[in-house]
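The next block holds one structure in the form of structure tokens; read it before the comments.
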Amino acid sequence: MRSKALLRMPAASALLSLVGLLLVACGDDDAGSADAGGGATTIGITLDEWSVLPEPASAESEEVTFDIFNAGEETHEFVVIKTDLGVLDLPTGDDGSVDEEAAALEVVDEVEDVAAGSSETLTVDLGPGNYVLICNIVEEEMEMEQMEMEHDPSHFQSGMRTGFTVE
Numbered sequence: 007m008r009s010k011a012l013l014r015m016p017a018a019s020a021l022l023s024l025v026g027l028l029l030v031a032c033g034d035d036d037a038g039s040a041d042a043g044g045g046a047t048t049i050g051i052t053l054d055e056w057s058v059l060p061e062p063a064s065a066e067s068e069e070v071t072f073d074i075f076n077a078g079e080e081t082h083e084f085v086v087i088k089t090d091l092g093v094l095d096l097p098t099g100d101d102g103s104v105d106e107e108a109a110a111l112e113v114v115d116e117v118e119d120v121a122a123g124s125s126e127t128l129t130v131d132l133g134p135g136n137y138v139l140i141c142n143i144v145e146e147e148m149e150m151e152q153m154e155m156e157h158d159p160s161h162f163q164s165g166m167r168t169g170f171t172v173e
């Protein structure tokens, strides 16, 4: 009897090791989402005529990856600006674009010329605070006439702006 029990111990030990490995392999993987360990937060951004839609509209992590998709028919850009001003209080120039050189604004980074139907990625380190996400393209008047556009030449003035918070 004693010899059978000794033979079963290595088999039981191997089985327990296998079960442990399976539990680790099947564990929850939170890659790409914010967690207490300081991982990056991924924010989906949809650019369209005439909106900038983040999902979600805030981040808990300071390292943020923006997955940007242009669902519109026009080329857009994506600009991240740190500011305590409200999105409608941003200083603008005569052409309606945001004055990115204004003292109250800190342009963190941007992706220019996101073509219709294309995707881009932008990863930035953002400190806690308030941000605005905008498209700051201004259409040339002649270009607008050729394309028969009936919106403000400034994409910002046409509605391509939203607030964003890092907690």
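Those letters in the sequence shown? Residues 7 to 173, by my numbering.
For every residue, glycine included, the Cβ atom is placed at its ideal position computed from N, Cα and C.
In this text the structure is predicted, and so the values were computed from the model without any measurement.
Straight-line spacing of the CA atoms in Gly169 and Tyr137 works out to 6 Å.
Between Glu145 and Ser164, the alpha-carbon positions lie close to 11 Å from each other. CA-to-CA, the gap between Ser67 and Glu61 works out to about 15 Å. For Thr47, same chain residues with a beta-carbon under 8 Å away, outside a window of 5 residues either side, are Ser39, Ala40, Ala65, Glu66, Ser67, Glu69, Val70, Thr71 in chain order. Per DSSP, reduced to three states, the secondary structure at Leu94 is helical.
Counting C-beta atoms within 10 angstroms of its own C-beta, Ser125 has fewer than 16 neighbours from the protein chains shown and is therefore classed as exposed. Rounded to whole angstroms, the gap between the alpha carbons of Asp73 and Asp100 is 31 Å. Boundaries of the beta strand (DSSP E) around Gly135: 135-140.
DSSP places Val130 in the uninterrupted beta strand (DSSP E) bounded by 125-131. By the neighbour-count definition (other C-beta atoms within 10 Å, threshold 16), Leu132 is a buried residue. In this structure, Gly78 lies near Leu53, with their beta-carbon atoms less than 9 Å apart.
Taking Ile49 as reference, the option from Ser57, Leu111, Ala63 with the minimal CA-CA separation is Ala63.
Here Ile51 has Pro60, Phe72, Ile74 as same chain residues with Cβ atoms under 6 Å from its own Cβ, once five neighbours each way along the sequence are excluded. DSSP links Leu59 through a beta bridge to Thr52. Of Gly123, Asp119, Leu139, Leu94, the smallest CA-CA separation from Val113 is found for Leu139.
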